[in-house]
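Enquirer:
Residue numbers (mature numbering (1 follows the signal peptide of the UniProt record, and there is no 0)): -21 to -1, 1 to 192.
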């Protein structure tokens, strides 16, 4: 699985230029640079096992990382399960932002650790979706440091259980209490192309009564 966050960071910058167009600003080269900070964050996230059902280590790591980078962080315990926490982060005190970057921190099993072979990064979640999580965090941090975004512009939401039933996003939708977003960007592998929609799923149980043949 190849780590391809350069294109992702450029795409983020393009969308942000519309989100904060009233500022009439340009993006510095440092905003788009995929640097060692991004690679280190990506590596650290992959090294944390976060298979669906036990995402707590990744959530706590992100809380500490984001707080050290001046974010306000809220951890949401999902449906009373202490091993499953969504992460909601924003700058300052304004949690009702204009835009949202979101992705998920759970992975499918089995877990296998981080490695680099022939300039390619391997490991469970290296693309889906820890590349997106790390890219969103570093891109937003750089934009904030460069003065391109400010408090109230953009928040981050990283949810659990995306790979199974989507319960993390359902819980966030029902309990986060934010309805101010004008734009939402979902971080998912899309072959380096921007998508304009995001599909979910529906499930049903069918019962049939009859006689065995």
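Just so it is clear, CB atoms sit at the ideal spot from N, CA and C, and this is done for glycine as well.
1. Tell me the start and end of each unbroken alpha helix (DSSP H) in the region 52 to 125 that is at least 4 residues and wholly inside, in chain order.
2. On the three-state DSSP scale, how would you describe residue 27?
3. Per DSSP, what kind of secondary structure is residue 175 in: helix, strand or coil?
4. Put residue 2 into one of helix, strand or coil per three-state DSSP.
5. By the 10 Å Cβ neighbour count, where 16 or more other Cβ atoms means buried, how is residue 113 classified, buried or exposed?
6. Mind reading off the beta-carbon distance from residue 133 to residue 78? Whole number of angstroms is fine, and I expect it under 8 angstroms.
7. Which residues in the same chain as residue 107 place their Cβ atom closer than 6 angstroms to its Cβ, once the five residues preceding and following it in sequence are excluded?
8. When you compare only the Cα positions, how much space is there between residue 140 and residue 187?
9. In three-state DSSP terms, what is residue 21?
10. Taking 7 angstroms as the limit between beta carbons, can you name the residues of its chain near residue 109, skipping five residues before and five after?
11. Here's the rule: buried if 16 or more other CB atoms are within 10 angstroms of the residue's CB, otherwise exposed. What is residue 176?
12. With a 10 Å radius around its C-beta and 16 neighbouring C-beta atoms as the bar for buried, classify residue 31 as buried or exposed.
Expert: Well, looking at it:
1. 109 to 124
2. If you number the chain shown from 1, residue 27 lands on position 48. Coil, per DSSP.
3. Here residue 175 refers to the residue found at position 196 when the chain shown is read from its first residue. DSSP places residue 175 in coil when its eight states are reduced to three.
4. By one-based count along the chain shown, residue 2 stands at place 23. Because the pLDDT of residue 2 is 40, which lies under 50, any placement of that residue in the model is unreliable, and the question is left without a value.
5. As a first step, residue 113 must be located in the chain shown, where it is residue number 134. So residue 113 ends up on the buried side.
6. Taking the chain shown and counting its residues from 1, one reaches residue 133 at position 154. Taking the chain shown and counting its residues from 1, one reaches residue 78 at position 99. Residue 133 to residue 78, Cβ: 5 angstroms. Contact.
7. Reading the chain shown from its first residue, position 128 is the one you call residue 107. When the five nearest sequence neighbours on each side are left out, the beta carbons in the same chain lying within less than 6 angstroms of the beta carbon of residue 107 are those of 168, in order along the chain.
8. To locate residue 140, count along the chain shown from 1; it is residue 161. To locate residue 187, count along the chain shown from 1; it is residue 208. The alpha-carbon atoms of residue 140 and residue 187 are separated by roughly 30 angstroms.
9. Residue 21 sits at position 42 when you count from the first residue of the chain shown. Here residue 21 sits in helix by DSSP.
10. The count along the chain shown starts at 1 and reaches residue 109 at position 130. Within the same chain, residue 109 has close Cβ partners 21, 24, 25.
11. Translated into the one-based positions of the chain shown, residue 176 becomes position 197. Exposed: under 16 other Cβ atoms inside 10 Å.
12. In the chain shown, counting from the first residue as 1, residue 31 sits at position 52. By the 10 Å Cβ count, residue 31 comes out buried.
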